[in-house]
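Numbering (numbering that gives the first Met the number 0), first residue to last: 0 to 388.
Think of the CB as a built atom: it goes at the ideal place given N, C-alpha and C, for glycine as much as any other residue.
Given the structure is predicted, the values throughout are model-derived calculations rather than measurements.
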Amino acid sequence: MKSKDYQLKIPAAVSEQLQLREDTPVKLVVKRDRLVVQFAEPRQQVFQKRVVFWPLLLALFASVGFLIFCVSQGMHQVKLVGEQSLATAIILVGVVLGTLLFAGFFIHDRNNPLNHFTKNIYWRNFPVIVLSFALILALVLSGSMWLLGVLFKGAIFGSFTASIILFVFSLVVNATMVYFSLMVDASVLTTVLTLVIISGVVISMAVNNQKYWWQHNLSFLGTNGASSGWQFNATLMFAALLMIALVDYLFVSLHEVFPNSRRLWVLRILLTLTAVDLGMVGVFPNNAISHDLHDQVATFLVYFIIALIVGVRWLLPQITRDFLYLSYGVGVALVIAEILFRWLGYFSLTAFELIAFVMAFGWLLMLLEQIEGLITSGTEGMIQQTKRS
């Protein structure tokens, strides 16, 4: 069967709005059951625009610098893991150079008229986004080096061989961070938010495994009695900042589609207050001195979630019936969990907190996805209106 070439004619008004030229590479993809015109993919831009030059150059400088350092310190043999090891160098170099490249290309791409995400990101949110990707990169590199240390226990390399390995890792990390800086959007930011919370909570659970944290409550992970309780609290505060940045971006884009909507302003305020309250749970850990404040902000967090679930029907335009039923189902499940814990004593405090956290956080992520879908459908509606006019 022979393939056929088809031509897609785009109205001049739409082409002008999207700033399309004759040489602008685009493709048609199916997204959310709609046919969407997409511009060149970021991974194509990395190679077509010689962007890979900077990851390659910085990786080369890092490798040569590491080799010079080893020679100057008389380190002819380099351990894979441990102090002054290859793993330490890969983590430090990877995080520093990867973060710098991500920040640099993210800023540079703000001048790209085809990038609608970075144009709607305010500078106040820029540090949070960059630090989020730096945190994820640090966790990935640390986990990878730990795994390599287990697989190649006691491995030692010559300084020249170690510098080559550092070069390879640096090049891969640098190119990956450049790629993500070009493809980052609301969906990627939501994924990063999920990874930050899950990784932070899971690591805190693992660190406190020997202290049997589950016999106390989830808030124990952030107290003075826990090991590295500051990590758990920092996770909540950092996730709160990231959620505020995501909400800020989504509603800036959404107000372009639905201008002067009071309902959206109320929804934006509720989501922002929810994020701020989540951060306050980390600011006031469940220690003796701040126990009362911790309980108050945790209680208000529940109130904000309930207000969002109850009010989403009136606050979110064009809400689907399936999501509305799902929201009510989550609300009923939270009430049932509360009854089983507080009045029947069926759930322990830890079990109740985990169940409530998973359901509430999962519903919030789905709400953000609904808002993102509303932006997409609203933008398509604006284009259709432009075509008719």
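Assignment of residue 157 by DSSP, reduced to helix, strand and coil, places it in the strand class.
Excluding five sequence positions before and after residue 336, the CB atoms of its chain that fall closer than 7 Å to its own CB belong to 346, 351, 354, 355, given in chain order. According to DSSP, residue pairing for residue 139 in a beta bridge does not occur.
The beta-bridge partner set that DSSP reports for residue 77 consists of 156. Look at residue 352 here: in three-state DSSP terms it is helix.
Taken through DSSP and simplified to helix, strand or coil, residue 126 comes out as helix. Residue 249 places its beta carbon less than 7 Å from that of residue 370.
Burial check for residue 150: the Cβ neighbour count within 10 Å stays below 16, so the residue is exposed. Proximity to residue 162 across 52, 289, 59, 306 peaks at 59, based on C-alpha coordinates. Here the C-alpha atom of residue 372 lies approximately 55 Å from the C-alpha atom of residue 70.
Ranked by Cα distance from residue 125, the options 279, 256, 247 are led by 247. Residue 207 is positioned such that its CB atom lies closer than 7 Å to that of residue 226. In this structure residue 169 does not touch residue 63 by the C-beta definition: roughly 11 Å separates them, more than the 8 Å allowed.
Per DSSP, residue 187 is one residue of the alpha helix (DSSP H) stretching across 185–206.
Following the DSSP letters along the chain, one finds residue 247 inside the alpha helix (DSSP H) bounded by residues 228–256. Counting C-beta pairs with one atom in each stretch, the stretch 229–240 and the stretch 285–297 have fewer than three that are closer than 8 Å, which means they do not touch.
In this structure, residue 343 lies away from residue 189, with their beta-carbon atoms at least 7 Å apart. Residue environment for residue 362: buried (at least 16 other C-beta atoms within 10 angstroms of its C-beta). In the DSSP assignment, residue 337 falls within the alpha helix (DSSP H) that extends over 320–341.
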